[in-house]
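Here is the structure we will look at.
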Amino acid sequence: MHKFFFLSVATAFTCAAPLTAQAQDLFSGELELGISRNSSKDTFFKRVEGSFASNFDGWFDFQIDLGMSKYEAVNSTSPFLALHLMWQPSDKVDLGLFISGEDRLGTSYTIEGLEMAYESGPFRVEGYVAVQDPILAGPHGELAGLDLSYAFGSTDQWSLTGGGHYADLGTTTADTVYLGLARRFGDDFEVEARVAQNDGAYTVVTVGARFILGDGVRFNRRDWYAAFPAY
């Protein structure tokens, strides 16, 4: 099933390539592939995610995310789907409401929250606060996160990235902090390497590739494994 999903997402982006110039002005998107390794586990963690966003002439837009995550040698996959409703009060600021539904290794959750992004020149910061609700069983929780990036180089082709995410799940907590380096090739392809520490104890190394369609998207994805890969 997960192989079919991966192929479907890739096919969707391939078919989007010959869109008319008018359609590309109205919609944009990105596809991200990632692989992570947690020092406390024996298997790799894989993710494939995509986002599509509207670029209507006005203040209000929407963004749709979908994706899937999976540990090697584990049968269960973790699909998710999310919707963002966005307001852009200025060229530098984006505000959003989002809701995400996901199946996390057999347990289903919704995540609802508020988000904000600010971008000025080479600097960008993005943050969110959210609540997690189980659909049948599992912990309720409160989540928050912050992502930073700073572009540099002759054409801003390099970026330093960093940030952290925290979840209070009632009887337990989860946290991660990370640093990364990204390299952009042209306007439509980027690779990134990150090193994170989960719960102050476990090291997670992630390598990812991002394919960008048009202007890309304005907000990061909000599923659990986007914030806590290989957790």
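So the sequence shown is residues -23 to -1, 1 to 208, counted in mature numbering (1 follows the signal peptide of the UniProt record, and there is no 0). Glycine residues also receive a C-beta, built at the ideal position from the N, C-alpha and C atoms. As the structure is a computational prediction, the values presented were derived from the model and not from experiment.
- With respect to the 8 angstroms criterion, SER13 and THR180 are not classified as neighbours on the basis of their beta carbons.
- Going by DSSP, TYR202 is part of the alpha helix (DSSP H) stretching over 201 to 204.
- As computed with DSSP, ALA121 is found in a beta bridge with VAL106, TYR143.
- Residue state for ASP68 is assigned as coil, using DSSP reduced to three classes.
- About 6 angstroms separates the Cβ atoms of ILE41 and LEU60, confirming a contact at the 8 angstroms cut-off.
- Taking 8 angstroms as the cut-off, the Cβ atoms of PHE205 and ALA151 count as close.
- One alpha carbon belongs to MET63, the other to GLY44, and they sit about 20 angstroms apart.
- Within the DSSP secondary-structure output, ALA159 pairs in a beta bridge with SER136, GLU169.
- Bounds of the beta strand (DSSP E) holding ALA186 are 179 to 190.
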